[in-house]
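Enquirer:
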Amino acid sequence: HLQMIRKRWQAPYGDRQQEIVLIGIGMDSAALVAAFDACLLTDDEETLGMDKWSALPDPFPLWQTASQEHEETVA
Numbered sequence: 001h002l003q004m005i006r007k008r009w010q011a012p013y014g015d016r017q018q019e020i021v022l023i024g025i026g027m028d029s030a031a032l033v034a035a036f037d038a039c040l041l042t043d044d045e046e047t048l049g050m051d052k053w054s055a056l057p058d059p060f061p062l063w064q065t066a067s068q069e070h071e072e073t074v075a
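Quick note on numbering: my numbering labels position 35 of the sequence shown as 35, and the sequence is numbered without any gaps.
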């Protein structure tokens, strides 16, 4: 176990990571992996830095917060 931690260790954050686990019947695993991989920054995008990432195109449709939805129903 210690070898796995050392293998993934990156200063200054240590061995932190994120994992998503999907469990289901009849899932198209390859399509799901491809969809998640498409969300990752390219190497060129990553080198731009965090301050530039907000200028990248947003691939997701517009959505409302719960408070915005509440305001519409009250009005």
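Just so you know, even glycine gets a beta-carbon here, dropped at the ideal spot from N, CA and C.
1. Kindly indicate which residue of 2, 41, 3, 20 has the alpha-carbon position closest to the one of residue 55.
2. Within the same chain, show all residues whose beta-carbon is closer than 7 Å to that of residue 5, passing over the 5 residues directly before and after it, in chain order.
3. What is the DSSP secondary structure of residue 3, counted as helix, strand or coil?
4. In this structure, what does DSSP give as the bridge partners for residue 14?
5. What did DSSP end up calling residue 35 once you bin it into helix, strand or coil?
Expert: This is what the structure holds:
1. Residue 55 sits at position 55 when you count from the first residue of the sequence shown. Residue 41 is the option with its Cα nearest to residue 55.
2. Counted from its first residue, the sequence shown places residue 5 at position 5. If the five residues before and after residue 5 are omitted, its C-beta is found closer than 7 Å to the C-beta atoms of 15, all from its own chain and listed in chain order.
3. Here residue 3 corresponds to residue number 3 of the sequence shown, with the count starting at 1. Helix at residue 3.
4. Mapped onto the sequence shown, residue 14 falls at position 14. Partner residues in the beta bridge of residue 14, as assigned by DSSP, are 10.
5. Sequence index remark: in the sequence shown, residue 35 carries index 35 (1-based). Helix.
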